[in-house]
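To start, the structure itself, in structure tokens.
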């Protein structure tokens, strides 16, 4: 960008040029044409990459951001940074009517699917009022649209997270059976608000401290086990109302998932309410058939935008009212008063909520991590599909702000992004965050004006809707299991099964916590082993290669052990380096047991090849100093080759250069071997 160019003007010009972009998909790498309906929102040729990413909430990185700073005036630099951290400062002032059609269609499509889904999650999983689910699908998305960098991500209640909320509410209500609460609804509202505000704070703090890399800590096996277990728990939870056993459940009071399974086995066939079961089964079959029909008619784009969930809700409500199903003992939604525990907006850290903070913190941490993982996967998928970039750290901040905003409405459930809804949002035409605002506005209107129309909606139909989510959650499980089996990945298989069974038998929190600890321990165990190799000379050359990788490489100098360290050195991977080097010295590269007889003679000289070591922290220097002292104490020579500038500075500061002497440091192994030969000949 030229030094006198206004980046904001360039972005505006690029935006106007691309105003003809339609609401269809744009794919990375697709050539841009003036009449191309798959064109991306911005053309790379029209605007420099740094300004594009800064304007649309990308993550250009330090270098690109520095370029923008250097080439701009202080005022424009400040404005560009503000747009980077708050993307709505760009897209709202530059929003055009040409984008509204696609965003409105997407918002309407997702809202039609999300209204019955949110009601189902709130009532069937979170054990809350339907209104709390609707507010959770409308308040947080507006806040996310202001701060979020993903244009297609739809933020709303999720099945797994709603289940965790419901389990926490139930646990708190049952925590002291001798003094039951006088107003269970008030307790439920307080518990949910305490959860949501903590979830918002945790996400916001993680993003502020740039901890967005946590999405790479949890293995896919752990997540697959968790998702599969949650799907199974949801299925068990929903079979009870679908069989008409809700009243009997309150009498028998099974608490764990295992107890509910035994409850279903004992009473499912003998005491179920047949009309309720029939309607539930019909609703579920209808949902599946409509989804299959949409898949078969995929070539008609308007068919994909028809929400099968909304169709089933409307039809079942009409039939219920027409044939008075409630007179046959079928539970219906009934009156849904719009209240949030006294006030519509209330400061979330009220003194009524404080007693429940400690009881809900562990669940809040779990919801924050799982919710973020789903959200970042959905955001990255859409960013790749529509050719822009997102920042995990700013996504955490935006998701935190969204949940904090929702916490001001008592009872609002935690809200995060959904892979399925976000994909549908993009396919329906969403090209900016305005689609989320439109979706939220439609849901708010429905909350205040359309809920009375759902008076006769059978509750068992809501259970069927949630059961449809089970299929989505389990869809990829067989593929992952087969893959792990083919790969003989027994650790991944064990971790997945452990997560699944602990979650089913004990609880979601215990299952994920134990598996998370094991996963982190595996990461620590793998990272604590410094990668090293014994080098040997290629006959007839001055080349040294790892003897376990190059068949021709031979150790041709008795008593000399040449070790190549193949990674950076820090406190984590050098704690066991003394023992690792001892095993290399006595047993070589072959696997051995500590009780085995040594297969090699102790080395008289160590040569360390350190070309791969770019950084070395103070703890590693301290450990190497102790190691070299022990070698010198037993008369073992030490040479260091290929040492880079930064590790050498650390070695000088740590006294290693003084300990070994400058003659111990050489440019390459050949020079060190020549020095060793000369010393031997003296």
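In UniProt numbering, the protein residues as written are 1 to 682. From the three backbone atoms N, C-alpha and C, an ideal C-beta is built for every residue, glycine too. Note that the structure is a prediction, hence the values are computed from the model and not measured.
Rounded to the nearest angstrom, what separates residue i and residue j at their Cα positions?
i	j	result
residue 309	residue 289	11 angstroms
residue 659	residue 534	24 angstroms
residue 291	residue 375	24 angstroms
residue 652	residue 580	24 angstroms
residue 207	residue 146	16 angstroms
residue 443	residue 195	23 angstroms
residue 45	residue 388	At residue 45, the pLDDT of 34 sits below 50, so the modelled position is not reliable; the number obtained from the coordinates is stated separately. In a straight line, the C-alpha of residue 45 is about 14 angstroms away from that of residue 388.
residue 167	residue 126	7 angstroms
residue 675	residue 613	23 angstroms
residue 426	residue 324	40 angstroms
residue 570	residue 526	14 angstroms
residue 153	residue 102	15 angstroms
residue 271	residue 245	7 angstroms
residue 183	residue 139	26 angstroms
residue 363	residue 357	10 angstroms
residue 643	residue 615	10 angstroms
residue 70	residue 80	Residue confidence for residue 70 is low, a pLDDT of 44 falling below 50, so the modelled location carries little weight; the figure read from the coordinates is stated next. Looking at the two C-alpha atoms, the distance is approximately 12 angstroms.
residue 561	residue 548	14 angstroms
residue 438	residue 186	31 angstroms
residue 583	residue 227	42 angstroms
residue 348	residue 448	23 angstroms
Do residue j and residue i count as a contact pair if the criterion is CB distance below 8 angstroms?
i	j	result
residue 669	residue 607	yes
residue 148	residue 433	yes
residue 687	residue 463	Nothing about residue 687 can be read from this structure; the chain reaches only from 1 to 682.
residue 429	residue 111	no
residue 313	residue 461	yes
residue 410	residue 346	yes
residue 516	residue 222	yes
residue 619	residue 574	yes
residue 752	residue 609	Within the shown structure, residues of the chain are numbered from 1 to 682, placing residue 752 beyond reach of any answer.
residue 249	residue 240	yes
residue 141	residue 440	yes
residue 395	residue 379	yes
residue 336	residue 131	yes
Grouping DSSP H, G and I as helix and E and B as strand, with all else coil, what is residue i?
i	result
residue 554	strand
residue 532	strand
residue 632	helix
residue 352	coil
residue 590	coil
residue 666	strand
residue 579	helix
residue 647	helix
residue 476	coil
residue 273	coil
residue 94	coil
residue 128	coil
residue 683	Absent from the model: residue 683. The displayed extent of the chain is 1 to 682, so no value can be given.
residue 183	coil
residue 678	helix
residue 278	helix
residue 502	helix
residue 718	Examination of residue 718 is not possible in this model, given that the chain is present from 1 through 682 alone.
residue 433	coil
Note down, in chain order, each residue of its chain lying with its Cβ closer than 6 angstroms to the Cβ of residue i, except the 5 sequence neighbours on either side.
i	result
residue 144	155, 398, 402
residue 469	159
residue 484	492, 493
residue 531	566, 567
residue 133	118, 119, 121, 122, 157
residue 307	112, 113
residue 404	200
residue 135	409, 412
Go through its chain and collect everything with a Cβ distance to residue i's Cβ below 8 angstroms, but skip five positions before and after it.
i	result
residue 366	164, 508, 509, 512, 513
residue 174	255
residue 230	159, 160, 163, 473, 503, 508
residue 497	225
residue 506	256
Name the DSSP bridge partner or partners of residue i?
i	result
residue 609	564, 641
residue 417	155
residue 616	569
residue 537	544, 554
residue 458	332
I'd like the list of long-range same chain contacts for residue i, defined as Cβ closer than 7 angstroms, with 5 residues on each side in sequence excluded.
i	result
residue 252	263
residue 628	638, 656, 659, 660
residue 170	127
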